[in-house]
Amino acid sequence: MPGTQNSREAIPTLEDEPEWMTFSTINPAPAGSLLIRDPRTWHGGTPNVSNEVRAIPNIEYYAPWFHEPMARSMPLDIYNSLSDHGKNICRYIVSSSEIDTAIRTNLGGTPHLLQTT
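If you count the sequence shown from 1, position 22 lands on 93 in this note's numbering, and the numbers rise without skipping.
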């Protein structure tokens, strides 16, 4: 939601979220588009009202001081194929064990460093 990166209001729960937020979109984007956003803004995906699976691949970059617990999500074989610079950048996300690629049900919530209450 534009401007909410400066808000001191509590983020509404899904039950309390107004309908205009639930179904809001920035704009329809054609395949191959890129969206860059500030994670401090209130954000979320819009409901998938189709009967098709909708994948939303993303890449997230954080400042070095932002140390929230992160899932290690890069397979070791991909990490090993990176340049030294790439390995340095990805050192906190490489996983030494098998990565579960199932649908995650533990998404949501506000990272500790971004909580206002």
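For each residue, glycine too, the CB sits at the ideal point set by N, CA and C. This structure is a prediction, so every number in the text was calculated from the model and none was measured.
| message | According to DSSP, simplified to helix, strand and coil, what is residue 141? | response | Correct three-state label for residue 141: coil.
| said: Determine whether the beta carbon atoms of residue 144 and residue 164 lie at a separation below 9 Å. | reply: Yes, Cβ-Cβ distance for residue 144 and residue 164 is below 9 Å.
| request: Spell out the partners DSSP gives residue 166 in its beta bridges. | output: Per DSSP, 146.
| Could you check where the alpha helix (DSSP H) with residue 159 kicks off and where it finishes? | Note, residue 159: alpha helix (DSSP H), 155-161.
| request: Using only alpha-carbon positions, find the residue among 154, 147, 152 that is nearest to residue 169. | output: Nearest option by C-alpha distance: 147.
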